[in-house]
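J.: Position 211, counted from 1, in the sequence shown is what this note's numbering calls 931; the numbers after and before it change by one each time, with no gaps.
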Amino acid sequence: MFNPLDHQGIPLERQLRNWRELDVDPIDPLAADPYTRCRIIALNGIEVEAILFSHQFARTCTDPEVKRKLAEIRYIEAQQQRVVNWLLPGVPSALETTLAYEQVAVDLTSWVARMEPDPYLQQAYEFGVLEDFDHLYRYANLFELIERRKAAKVVDDLTEVMPGRPTKAHHRHPVDNVRDPYDRTTVNPLSKLHALTIMAAEQQTMNFYMNVGPQYMEPIARQLYQEIGLIEEEHVTHYESLVDPGETWWERLVNHEYNECYLYYSFMTQESDPKVRAIWELHLNMEVEQLRIAGDLMRRYDGREPADILAPALPEPVRFEPNKEFLRNLLATQIDLTTLGAGYVREAHERFERMQQQLHGGEAPASERVIDEHRAKFGDEYRLETQGPHPVAALREEKQHV
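See the structure below:
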């Protein structure tokens, strides 16, 4: 078992890299393992969250010495983020990258849901993943509609493409997107890592869609990004509310650094590309030192040991792997759920229906029309059903287009 608290990393003063070192070669978009791309996207989201968190911490901190130490670590995190994100090649379109983002959301959230020890938190991940699963399906139809390309070229046969909980039903009243937080004093330390990971991944997706949507000229593309981008805002609210707001800034700092160690270690152990694996290993050794500094700050300003709030060793490594049967079971049992307050119900309630009416105004949203336009042009919709017909009979299509 690997415990980053027991290891020495690269001293902070040796972590600064020059331009040549930052200018990494991107992966080959034609030859790379799709899950290598997923690991890159996931870790980019983790690094972006680390940077944004550090800025927020600095804006509330009155101690100049702490602000300077945060700035020093944050600059290294910014370099790490550039290296990670620059591993993506510039060849794919924004829409192709979007499919990869949704594959990350589907398979990472599925893995977390399978491993989550807390039933309430597990339900939150199971609920959210059925919506990202449907987003992948909508974007896959848009991909063939405007680029004449098939999503199978992006996701391979690792992730199925078919309807999830319909996107039009994701639009809920904002108060129903707020979940109950875990209790920082009793929760399993693994649950803290899961919540940070999925929150960061969804935040990255939200930011990406907010920025790339207007780059398209096709009205249906602009409208679909606008619609799903708003749902990603709902998802960030959904996941960030799981984190106990009573955690001190020092707890949050240590949790962030520990989670970065966890994910770099996890992905290093399964990475198939040796050049990418070397970057994960390098960044892990950087993060170990950043965790040590965060721990020292916690001792000095919070009066506690990092070991008091962290797991005694890193949990089982996070893995990107197919989750087809898990998702099919969720589709068969949870597709009709919506939220009410901090809980879940199967029947539409007054607040949900009022939100639907105010937003849709009785018209079909872009998520429905993109499927209609695909059927009109190709005679059917795009699906990738490798495990047989859809588990929900009402969502099966007689003619498959794969």
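A virtual CB, placed ideally from N, CA and C, is assigned to each residue, including glycine.
1) If you measure between the beta carbons of ASN764 and GLN801, is that distance less than 8 Å?
2) Is it right to say ARG972 is buried, meaning 16 or more other beta carbons lie within 10 angstroms of its own, or is it exposed?
3) Going by DSSP, what residues sit across from THR1059 in a beta bridge?
4) Cβ atoms of MET882 and GLU1105: under 8 Å apart, would you say?
5) So what's VAL881 in DSSP terms, helix, strand or just coil?
6) Please state whether the Cβ-Cβ distance between HIS976 and ALA844 is less than 8 Å.
7) To the nearest angstrom, how far is it from the Cα of VAL1122 to the Cα of LYS870?
8) If TYR929 sits next to ALA915, beta carbons under 8 Å apart, how far is it from one beta carbon to the other, in whole angstroms?
9) In three-state terms, what does DSSP make of LEU865?
10) Is LEU661 near ARG1048, with beta carbons less than 8 Å apart?
11) Tell me whether ASP748 is buried or exposed, calling it buried when 16 or more other Cβ atoms sit within 10 Å of its Cβ.
12) Roughly how many angstroms lie between the CA atoms of GLU867 and LYS873, to the nearest whole one?
13) Within the continuous alpha helix (DSSP H) that includes ARG757, where are the two ends?
14) If you draw a straight line from the C-alpha of PRO965 to the C-alpha of THR780, how long is it?
15) With burial defined as no fewer than 16 other Cβ atoms inside 10 Å of the residue's Cβ, what is the status of LYS804: buried or exposed?
16) Out of curiosity, what's the CA-to-CA distance linking PHE1046 and PRO994?
17) Could you tell me whether the segment 1086-1095 touches the segment 1026-1041, using the rule of 3 or more Cβ pairs below 8 Å?
18) Where ALA833 and GLU1007 are concerned, what is the direct C-alpha to C-alpha distance, given to the nearest angstrom?
19) CB-CB under 8 Å to THR829, same chain, minus the five flanking residues each way: which ones, in chain order?
20) Pop quiz: GLU864 and HIS1094 are said to be a contact at Cβ under 8 Å. What is the actual Cβ separation, rounded to whole angstroms?
21) Taking the alpha carbon of ALA825 as the point to measure from, which residue in THR879, ASP1016, GLU967 has its own alpha carbon closest?
22) Closer than 7 Å by C-beta to GLN1120: which residues in its own chain qualify, once you throw out the five before and the five after it? Chain order, please.
23) List the endpoints of the continuous alpha helix (DSSP H) containing SER830.
24) Out of CYS981, ILE766, ALA860, VAL956, which one is the CA nearest neighbour of ALA798?
25) What residue from LEU1004, TYR1021, VAL996 has the CA that sits closest to THR756's CA?
26) How is the alpha helix (DSSP H) around LYS873 delimited, first residue to last?
27) Please give the ranges of any alpha helix (DSSP H) in the segment 887-952, keeping only runs that are unbroken, at least 4 residues long and fully inside the region.
28) Which partner residues of LEU1104 appear in the DSSP bridge assignment?
29) What is the DSSP secondary structure of ILE796, reduced to helix, strand or coil?
30) Report the residue from GLY1063, PRO754, TYR984 whose alpha carbon sits nearest the alpha carbon of TYR840.
31) Determine whether the beta carbon atoms of MET1018 and ARG1024 lie at a separation below 8 Å.
32) Using only CA atoms, which one of GLU947, VAL974, TYR945, THR887 lies nearest to PRO1147?
T.: This is what the structure gives:
1) yes
2) With 16 or more Cβ atoms within 10 Å of its Cβ, ARG972 is classed as buried.
3) TYR1064
4) yes
5) strand
6) Between HIS976 and ALA844, the gap from beta carbon to beta carbon reaches 8 Å or more.
7) Only weak support exists for where VAL1122 lies, its pLDDT of 43 falling under 50; the value from the coordinates is given anyway. So the alpha carbons of these two residues sit roughly 8 Å apart.
8) The Cβ separation is near 22 Å, so there is no contact.
9) Collapsing the DSSP output to three states places LEU865 in a helix.
10) Shown here, the chain extends from 721 to 1122; a query on residue 661 therefore has no answer.
11) exposed
12) 12 Å
13) 754-780
14) 15 Å
15) For clarity, residue 804 is Val in the given sequence; the question names Lys instead. Classification for VAL804: buried.
16) Spanning the two alpha carbons is a distance of roughly 30 Å.
17) The segment 1086-1095 vs the segment 1026-1041: no contact.
18) 26 Å
19) TYR845, GLY848, VAL849, ASP852, ILE918, ALA921
20) 7 Å
21) Residue nearest to ALA825 within the set THR879, ASP1016, GLU967 is THR879 (criterion: CA-CA distance).
22) Any reading at GLN1120 is ruled out, since the residue's pLDDT is 45, under 50, leaving its predicted position unreliable.
23) 814-835
24) Comparing Cα-Cα distances from ALA798 to each of CYS981, ILE766, ALA860, VAL956, the minimum goes to ILE766.
25) VAL996
26) 872-875
27) 909-932
28) VAL881
29) helix
30) GLY1063
31) yes
32) Nothing about residue 1147 can be reported from this structure: the residues present for the chain run from 721 to 1122 only.
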